[in-house]
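The opening residue of the sequence shown carries number 3 in our numbering; numbering runs sequentially from there.
Just so it is clear, CB atoms sit at the ideal spot from N, CA and C, and this is done for glycine as well.
Each remark here refers to the structure printed beneath this line.
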Amino acid sequence: MIRTQGICCMDERKTSFTIPITEIPFVMRAIGFYPTEAEVENMINEIKYSRFCDTGEYTTEIDLDTFIQLYCNHRPFQGILYKDVESAFNILTNANVGNKDKCAELSNSHETTIQEKPTITMEELFLTLQNSGEAIGEAEMSEYMAILWGILPEGDRQEILEEIDPKKIEKELESRMSTPINAETFVSDILQMYVYGEDNLSAGHSKELLSKKIQQTDTSLLDELVSNGKYAANSTQTE
């Protein structure tokens, strides 16, 4: 409601039991599922065309029950594991030193063996995210990192009321470009997340640590409802 009607709305709030399907990715991220742009498109299209054959019309809204069903069908079974972040940093490290064979080997491997903490600079991470996979534009990337580092306030652009000095933000970002980061600092310092069930990441790379899920909160109410059988995945979808 706040995203669609704005935080400074003085008119009477319009409440509803549905949300626009364009808000699906934002709600998914809010509960700990971070889909790619391709996955977002698939989810939106799944709802958009769900009744098209019967009615000839697109579906533009989604209710809670349908949303939970969608979440069950598309979320990763184990969530985001710490070993996935370590594996990604292994691949990035080898890519940045020009070891393409090793990079391809790690990308295709389902096993994660950590010899040491792979480290890259923020500049290298920026360049990789801007030029590989679902590339992120420079302006968008700068905005995301400024929010994560606390340089910019959280919230949509229309909700930011204070004056923003672009030069100050640019200077702050440039000062951090040479900062080395690894999976540990990326998870705890940048994403402000933690390994579920662990007080910190400094205990080493034990098998138990690598298999832990990273998240922002202790528990997810939605995950509890799903695990207790309150909501089940649609039987027509594949796990």
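Practice problem: Scan the segment 49 to 109 and note each continuous alpha helix (DSSP H) run of 4 residues or more that stays entirely inside, going in chain order. | Solution: 54 to 57, 66 to 76 and 84 to 98
Self-check item: The alpha helix (DSSP H) enclosing P168, as first and last residue numbers
Solution: P168 to S177
Quiz prompt | Best match in E186, V189 and S144 for proximity to R178 [C-alpha to C-alpha] | solution = S144
Quiz item: Quick one: what's got a C-beta closer than 8 Å to E174's C-beta in the same chain, skipping five residues either side?
Solution: In its chain, beyond the 5 residues on either side, A148, W151 and I153 have a beta carbon closer than 8 Å to the beta carbon of E174.
Self-check item: Candidates G81, K119 and P78, of which the one nearest N96 by Cα
Solution: The shortest Cα separation from N96 among G81, K119 and P78 belongs to K119.
Quiz item: Can you name the residues that DSSP bridges to T123?
Solution: P182
Quiz item: Do you know offhand how far G180's Cα is from E43's?
Solution: Note that residue 180 is Ser in the sequence shown here, rather than Gly. Rounded to the nearest whole angstrom, the C-alpha separation of S180 and E43 is 35 Å.
Practice problem: With DSSP as the reference, label T38 as helix, strand or coil. | Solution: coil
Quiz item: Hey, does L72 have any beta-carbon neighbour from chain B nearer than 8 Å?
Solution: The structure shown has no chain B; it contains just one protein chain.
Quiz item: In terms of DSSP beta bridges, what is Y146 paired with?
Solution: DSSP lists no partner for Y146.
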